Each structure stands twice: as C-alpha cells, then as structure tokens.
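Novice: Residue numbers (UniProt numbering): 1 to 700.
For every residue, glycine included, the Cβ atom is placed at its ideal position computed from N, Cα and C.
In this text, all values refer to a predicted model and were calculated from it rather than measured experimentally.
Take a look at the following structure, please.
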C-alpha cells in the first residue's frame, strides 16, 4: 500500500460533472491522479467541456469550494457545521469539510458564497490543502504578510506565477480556466520517485542468490530511478564463507551491480586479512561514516573520509552522492559499536553513531543534497546501545534508513515523524530470504511525502511448485563454480561421539537430553568469550532437530541437528523473569513442546502434575563452580538463540526483554558454534550425558 504523509494520504481526484456556466457539481466514479498526464484528460474527467474550461468568466467561492472538496476526497458527511449563514444547501457540506480540514478560515458567519474567488484565496486554499511550505522572502507587494509563505510555496512548486515581478494578483478574480490549471498543477505530482532495493544479513547464504538476482532484475525493470544497497553482514554463516571468505558472495554482488554497502560486525570476524581483499575486489563503493580504519595497515589506504560525488569501486567513504535522473541522493554508512566487543576488528575504531550521522547530514546539506539515506548495521530496535529507531529520533534530516544487524523482518516500512521531515525505516530480515523494495517520493525540497514498501519472498512458489523467480542463468553459472566444493566440505568429519546424541521430537521437547546439554554448553562457552559475565544458556528443544548415532560427526550432521542458522543472543534477565520463562518451558509437560528449554549453567526442578504457571519448584545457577539458589531480584546474563530471544515459541517474557533493549546480538551462528565446540575437546571426541539439569518431580 502506498502512503502519502501528513494531510494528503492517497490523494485522489474524482470525476465531476459541472453544468455549463452553472453551479451544480455532481461527483461520479473515483479515479487516481497518477495517470493524468494532460490538461485535456484532466478537464474531461472533471466533467467540464473544453469550451467551458476556456471561459474567462470568474468562478464563485461556493463552486470552487465544492470542486476542491471533491477533488481532495474529503469526507463531507462527518464535518461539523461551520456556521456560515449564506452557503446554499448544495455546497454546505463541501464548505464545512474544507473548514474542518483547516483549508478555509472562518471569520464571522458569512462565507461570501456568491463572491468571485480571487487568485490569492485559491493559492492559500491549495497551499493549505497540500501542506506546502515556501519562503516569506518574495517580491510580491500585494500579498498580506500572514500569507506570504503560502503564496511563496505556490510559486516554488510551479503551481502559479505572479502577474508581474512585484504582484501576485492576490485580489484579482480567478477564472474557471485558471482554477482548473492551478488545481491540476497541484495535483500533478511534483514528486521525485526513487526505488530502493535492499538486502541485509545475507551471511553467505548464496544458494538462492540466483533467484534473488532474478527478482532484482525484475523489480528494476522499467524504473531507472533505483538503488541497490546492502546493509552489511555478507560474512559468516555458511560453508561458503568458511571456504571462500566472502568472495563467492562478492562475485554475485558484482554481477547484479550494487550501488553501495556498509560494514556489518561480521565483516570483521577474520580481521582485515579477509576484509581487505573483499573490499578491493568489490565493483561498488562502501560507506562507513563512524568506522576509522586509519590505524589498520591493510585498510587505511582504502578509506577516504569524504562525501564524494566521484566514488570509486573498492574504496571506502563516509558517504557518497549519486546523481539519479538529475537528482542528488546522499548515502552514508553506520556500523554498530558492538563490533569492538563481539568481533575481531583489531585496530579499527568505532565512533559515536549519532555524532557521525549528524555530521553526515550536515556534509550532504552543504553540498546541496536534500535526499539522504542512512545505510546502517546497528539494528532496528535491539539493545546494543545503538539502533535505527534511536537514530531516527535523534538525528534530523535523514529521509530513509536502510538497516541491518537485528535481522528484523519489517513487512512494511516504519515511519518516524519526530521532526518536520519524516524518516522511513526498512529492513529485509536475513539469509537472502527476501528482497526489500521501497518506493519513496520526495517533494521539491527533498521531503519524503509518500512511500510504499514490501518484502519480496525469494523462495515463493507458483501453484505447480516451481519458483516464481527462476535462477538467473549467469548467476547460476557462478554459483556452480563454488557449490561442488561446499557439498564436498559437508562430508568433512568435525569430531566424533562415543554415545548416541539424543535429540529430535519428542526427546528434546519433553526433557533433558545429552545432545541438548552439549549444544547449550557450546552456546555458553561462546557467549563467555563475548561477555564473560554470561552464566546461563537456553536452547529451545524444538531447534534440536534429530538424534546422531555414536561415531563420526560430519558438518552435514551438525547442520541437520541445527538447520535454521539461528544466531547467538545474550539477554540481561532478572531471576524473576527467568523463572517465568522456565514456567513457560514446562507448561505443556509431560506433552512435547518446541519451547521446552535445554539448559547450561543452571539446574531446575518442576512438577508436571501441578497447574501450569505453578510448576517450577527450585532453580539454581552455577556460579564460581557452585550451584546457588536463583535470586528473583538479581540480574543474570543468559545466552540463547535470536529466535527464542525475540519471543519465539511463545516466550512473551523474552519478547518484553528484547523490546526493552536488554538483548545484544553478537550474531554467531548456532551450527558453527556447535561445530567449533566439538572440535575443542581432546581428539574432537565428546561423551555427553544427562546430568540432572532438569528434573520432573512428578516422575518416579
């Protein structure tokens, strides 16, 4: 759905029939203004003959009000009576609606229905109707001071000119012909239309990229005003990254032609040794206004702390200026400061994102750029200390935020209207599942006045089971170079187990299992490397998909157990909240539930014979090598996966914690954490057991 901001959302003009030379105006079927390209078409749809439209006779205020109310599609029935005593019944509702909408002023009890409308009055009506803003600095000497800005806006938007350099003709009667011309000029969109295609957090999921590229080509078709942006985290997540360090992804990105990318935290996972060649081989520029590479030997020469119109491929800028169909669009980048603690940036520094954003807006404005996009990897509303909602609320002048990091699936754009100019926020989930599309309209001053956005599902299918978006042949050929190597890698043995590792349904959904313990232990170990204060790990049983037999463990086995590539999250949680979560974990017991939690760093006892909500009997947390009773008022750090942290499996308490900003998202993928943990054991051999971490007192 397309939205117009402020007063004129979804402005429409409806067909009208006007009696020749007369006063009766009758509404007919509605019609969108989008297709009105000519005066003749417009006049015809108003129901006015060409002969009448050319008449130089004046138009009365009541007729003009009726035309205006219908053209703006105002709800005449709901408007309160304005109290005018001289308005005919046929025009009363129209006049009432215009007064109620703030378009017509009420001064006294006379409207002056039969009086001829003046150019000044019409200009003021139109300016108010379309929420136009202009300058009071005009040379017109015949315009009252209170209306100078409104009249100035009419000239600014090319709706009408003055009758001379010093006179607007404020008191001059407006003819029917002039009325039609001015109204049409206002309705004809002066907007600049821009399509932004965007992805984020793709994390080396490239097996569906040939279909994604087909979708990009399809949605670029017939639209020359477009951008293709990546909001970071190409690195890490699948074996394609492990093997090719982002260069497989990059070849596909170069094929489709990205306009810009910002850095995600995972771009720093392997240090600049992996990042530098990725940047150098890119056939597009990078934007990063709050990341300082000057102390990094491999990266410093790639960065230019400028806002440039002449961006070069394989280089890093604070921001770039793209000229698209004659209009300047500024794009600057931001990366979460969490990167310093959750990745391996080495000597790379991360500066305050708010200060950097304000500096970017100022720099663009100085160069005459009034359409500004922030390409961010700071999260939509996560609790890492920086996010897109805060950015929109603290920095004036950003028109669009294309975000990443929190893997948020924004099915529709979110608009923040704290300042005079709104900010539209989008994010396209994760793993190349979607292509984000944002159509945004700017007025002549660079203000967003309309938007329309959606997420296009890449793996959507037709009724016959075929993909809606077929593989792009050239992209499929590129993927074909890399896929056989990855398929072979999946057969690689990463370790072994001396015992069967029990998972799947119902085992991992009804009680403690040795595989659940092993996965949770690995999650806790990884979280401690990021936040040493993490003491608990929670793994939803529904995510432990199968059992592994004793013997060798391959990467394919690991990815079968944990197939969803859920990322790590660390919650700040009170003891009381943890107990609430545990009650939810066991509320279906002894029946199976995907939300049943496998745990590490703690143990608890519950009684499945008692009423749901009153089952948890005791909870102890392992701290400094000893189990101590859970304190309701104490705060703990608990690791889990992002699905659970956001409230998956019905965990409302976790959803509230996430909404409260108490979740950090370092983002390491579960199957890789598990694989690394297995390899940390002597001889890469594990022998986990059931340890009594979870006890049902109702069982004998």
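(1) For residue 203 and residue 191, what's the separation of their Cα atoms in angstroms?
(2) Quick one: which unbroken alpha helix (DSSP H) runs of 4-plus residues sit fully inside the region 220–271? Chain order, please.
(3) Thinking just about the alpha-carbon of each residue, which of 476, 547 and 236 is nearest to the one in residue 673?
(4) Tell me which residues share the same chain as residue 59 and place their Cβ nearer than 6 Å to its Cβ, disregarding the 5 neighbours each side in the sequence.
(5) Sort 314, 334 and 349 by Cα distance to residue 357 and report the nearest one.
(6) From the DSSP output, in three-state form, read off residue 686 for me.
(7) So residue 665 and residue 569 are supposed to be a Cβ contact under 8 Å. How far apart are they, rounded?
(8) Tell me, please, which residues DSSP counts as bridged to residue 317.
(9) List in chain order: all unbroken beta strand (DSSP E) runs of 3+ residues lying wholly within the region 514–588.
(10) Would the region 548–556 and the region 635–644 be scored as touching if the rule is three or more Cβ pairs under 8 Å?
(11) For the putative contact between residue 696 and residue 589, defined by C-beta atoms under 8 Å, what is the C-beta separation to the nearest angstrom?
(12) Give the secondary structure of residue 168 by DSSP, where H, G and I count as helix, E and B as strand, and everything else as coil.
(13) Return the bridge partner residues of residue 195 from the DSSP annotation.
(14) Would a C-beta distance cut-off of 8 Å place residue 348 and residue 382 closer than the cut-off?
(15) Rank 523, 619 and 577 by C-alpha distance to the C-alpha of residue 680 and give the top, closest one.
(16) Can the beta-carbon of residue 281 be found less than 8 Å from the beta-carbon of residue 252?
(17) Tell me, to the nearest whole angstrom, how far the beta carbon of residue 581 is from that of residue 654; I am working on the premise that it is less than 8 Å.
(18) For the region 507–515 against the region 531–545, do three or more pairs of beta-carbon atoms, one drawn from each stretch, fall closer than 8 Å, so that the two count as touching?
(19) Closest to residue 640 by CA distance: which of 611, 607, 616 and 599 is it?
(20) Per DSSP, what are the beta-bridge partners of residue 324 in this structure?
(21) Taking the straight line between their C-alpha atoms, what separation do you get for residue 371 and residue 244?
(22) I need the straight-line Cα distance from residue 155 to residue 363, nearest angstrom please.
(23) Kindly list the residues whose CB is nearer than 8 Å to the CB of residue 206, restricted to its own chain and excluding five residues on each side of it in sequence; keep chain order.
(24) Given a cut-off of 8 Å, decide if residue 182 and residue 215 are closer than it, judged by their beta-carbon atoms.
(25) Is the separation between the beta-carbon of residue 454 and that of residue 437 shorter than 8 Å?
(26) Let me know if residue 93 comes out buried or exposed under the rule of 16 or more other beta-carbons within 10 Å of its beta-carbon.
(27) Any contact of the region 192–201 with the region 399–406, i.e. 3+ C-beta pairs under 8 Å?
(28) The beta strand (DSSP E) that contains residue 100, what's its start and end?
(29) So what does residue 602 bridge to, in DSSP terms?
(30) So, residue 97 versus residue 71, is the Cβ gap smaller than 8 Å?
(31) Per DSSP, which one or two residues make a beta bridge with residue 274?
(32) Pop quiz: residue 622 and residue 601 are said to be a contact at Cβ under 8 Å. What is the actual Cβ separation, rounded to whole angstroms?
Specialist: This is what the structure gives:
(1) The C-alpha of residue 203 lies about 36 Å from the C-alpha of residue 191.
(2) Within the region 220–271, the complete alpha helix (DSSP H) runs of at least 4 residues are 239–244 and 247–256.
(3) The shortest Cα separation from residue 673 among 476, 547 and 236 belongs to 236.
(4) Result list for residue 59: 117, 176 and 179, in chain order.
(5) Among 314, 334 and 349, the Cα nearest to that of residue 357 belongs to 334.
(6) When secondary structure is reduced to three states using DSSP, residue 686 falls in the strand class.
(7) Rounded to the nearest angstrom, the Cβ distance from residue 665 to residue 569 is 5 Å, consistent with a contact under 8 Å.
(8) Partner residues in the beta bridge of residue 317, as assigned by DSSP, are 287 and 304.
(9) Counting only runs of 3 or more, we get 534–540, 551–554 and 568–574.
(10) Using a Cβ-Cβ distance cut-off of 8 Å, the region 548–556 and the region 635–644 are not in contact, since fewer than three pairs of beta carbons, one from each stretch, lie closer than that value.
(11) The C-beta distance from residue 696 to residue 589 rounds to 6 Å, short enough to meet the 8 Å contact threshold.
(12) The answer is coil: DSSP assigns residue 168 none of H, G, I, E or B.
(13) Looking at the DSSP assignment, residue 195 forms a beta bridge with 226 and 439.
(14) No, the pair does not count as a contact, with Cβ atoms beyond the cut-off.
(15) It is 523 whose Cα lies nearest to the Cα of residue 680.
(16) Residue 281 is not a Cβ neighbour of residue 252, given a cutoff of 8 Å.
(17) With 8 Å as the limit, residue 581 and residue 654 qualify as a contact, their Cβ atoms being about 6 Å apart.
(18) Judged by Cβ distances under 8 Å, the region 507–515 makes contact with the region 531–545, as three or more pairs qualify.
(19) Check the Cα spacing between residue 640 and each of 611, 607, 616 and 599: the tightest is with 599.
(20) Paired residue(s): 327.
(21) Each residue's alpha carbon lies about 37 Å from the other.
(22) About 28 Å.
(23) Here residue 206 has 238, 240, 248, 249, 252, 432, 479 and 482 as same chain residues with Cβ atoms under 8 Å from its own Cβ, once five neighbours each way along the sequence are excluded.
(24) Contact annotation: residue 215 and residue 182 have beta-carbon atoms that are not nearer than 8 Å.
(25) Between residue 454 and residue 437, the CB-CB gap stays under 8 Å.
(26) Buried, since its Cβ has 16 or more Cβ neighbours within 10 Å.
(27) Yes, since at least three Cβ pairs between the region 192–201 and the region 399–406 fall closer than 8 Å, the two stretches touch.
(28) Annotation: residue 100 is outside any beta strand (DSSP E); the continuous alpha helix (DSSP H) that includes it extends over 89–100.
(29) For residue 602, which the question treats as bridged, DSSP gives the partners 621.
(30) Not a contact, by the Cβ cut-off of 8 Å.
(31) None; residue 274 has no bridge partner.
(32) In this structure residue 622 is in contact with residue 601, their Cβ atoms being roughly 5 Å apart against a cut-off of 8 Å.
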